[in-house]
Structure formats: structure tokens, C-alpha cells
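Colleague: I have a structure I would like to understand better, so I am pasting it below and will then ask my questions one at a time.
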Amino acid sequence: MSDWVEFHRDEAHIRRERAKARELRKTPYFQEQFRKGICYYCKEKFPPEELTLDHIVPVVRGGRSTRGNMVVCCRNCNAAKRCMTPAEQILAEAERKTAEQEP
Ligand SMILES: [Zn+2]
């Protein structure tokens, strides 16, 4: 599926947005999200040190470090998501379900 889209890496964009993400992480809003400890994807509760800050639309795919594009999630969900966009995750999930149904 990764061959459907061209990965156009813009190193300057990635560096800039990752630096911005580090700053955003320190803001009261995200500190509060870490303290609450609820993973955005699986809705489970985790201690703050097991949570990561995730870009819904990944930086490597052109996503930006804004409050709307960033969520707190657990390491498992972050790893499962990798660098897919929300639409690609839905497709990947659908593909997985189809594969499960095949004998
Ligand atoms: Zn999770």
C-alpha cells in the first residue's frame, strides 16, 4: 500500500515541525493531556512516561505541529500507526479485516 503515494520528504519541514512539537509538549494544554494519561486511539489509561505525542497527519507526510494535529497516545498505538494518514489507517484496517475473513 505504501506505493500508492509518493513520499516526498522535506527535511526542512520535518526539522521545523519536530522542533515545534517539542515546544508544544511543554505547554499547559499538553501537560494536562499527559497527566490525564488517556490514549487518543485506544482510550486506555497510561502513566505519563508511557505516552507519546503523536501527529495525526504525520510530519513526514506534510502534517504540522498544531494542537489540532497532535494527540497523546500510548507507544503501542503510535507504533501501529507508523506514518500512515487517517485515511490510510482506515484502508489498512479494512484490508486486515478482509484478509481475516479469507479461508
Ligand atoms: Zn493506545
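448 is the number of the first residue of the sequence shown in my numbering; add one for each residue after it.
Note that the Cβ used here is the ideal one computed from N, Cα and C, for glycine as well.
Which residues are close to ligand 1, meaning CB closer than 7 Å to any heavy atom, in chain order?
Modeller: C486, Y488, C489, E491, C520, C521, N523 and C524
Colleague: Counting only the same chain and skipping the five closest in sequence on each side, list residues whose C-beta sits under 7 Å from that of G484.
Modeller: For G484, the CB contacts under 7 Å within the same chain, skipping 5 residues up- and downstream, are K492, F493, P494, P495 and L498 in chain order.
Colleague: By Cβ distance, which residues of its chain are closer than 7 Å to C530, with the 5 residues on each side in sequence left out?
Modeller: P505, V507 and R508
Colleague: Of all the beta strand (DSSP E) runs that stay within the bounds of the segment 494-532, which reach a length of 3 or more residues?
Modeller: The segment 494-532 contains these whole beta strand (DSSP E) runs: 498-502 and 517-521.
Colleague: Tell me which residues share the same chain as Y488 and place their Cβ nearer than 6 Å to its Cβ, disregarding the 5 neighbours each side in the sequence.
Modeller: C520 and C524
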